[in-house]
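Asks: For the sequence shown, my numbering gives the first residue as 1, with consecutive numbering after it. Next up is a structure, given as structure tokens.
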Amino acid sequence: MHSLGQQTTGIQRKYDEIQHDQEILNRLLDNLRESSDAQVAQIISLIRSNASMEEVKSCIEQELDRLSRSGREPTPEFVMLEIEIWRESQINRHR
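This is the structure we're talking about:
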């Protein structure tokens, strides 16, 4: 039987996960608003293919590398999205 403290901890953990997922979604939407049509098409195509979080993260990292090589700066939203996806992958790795 689980104690009330364990249930509360589980509920808090689930709440934190949902809140984190919401932050990632908001950052993704911000990034899509700021990105070129080609970038948006690539990300949407990847998401539609049921790509894992790691695959989406890799796509974003490639875009950051491309922007870096071209001398253009990624939008702050794009950078924050990449950070959030990386954090999510680290959390999932330790579960």
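Just so it is clear, CB atoms sit at the ideal spot from N, CA and C, and this is done for glycine as well.
Cα separation between ARG13 and THR75?
Replies: When rounded, the distance between both Cα atoms is 31 Å.
Asks: Taking only three categories from DSSP, how would you classify ASN31?
Replies: Note: ASN31 maps to helix in three-state DSSP.
Asks: Determine the DSSP secondary structure at GLY71, reduced to helix, strand or coil.
Replies: In the structure shown, GLY71 sits in coil (DSSP, three-state: anything other than H, G, I, E or B).
Asks: Can you tell me where the alpha helix (DSSP H) with ALA41 in it begins and where it stops?
Replies: From DSSP, the alpha helix (DSSP H) with ALA41 extends over 37-48.
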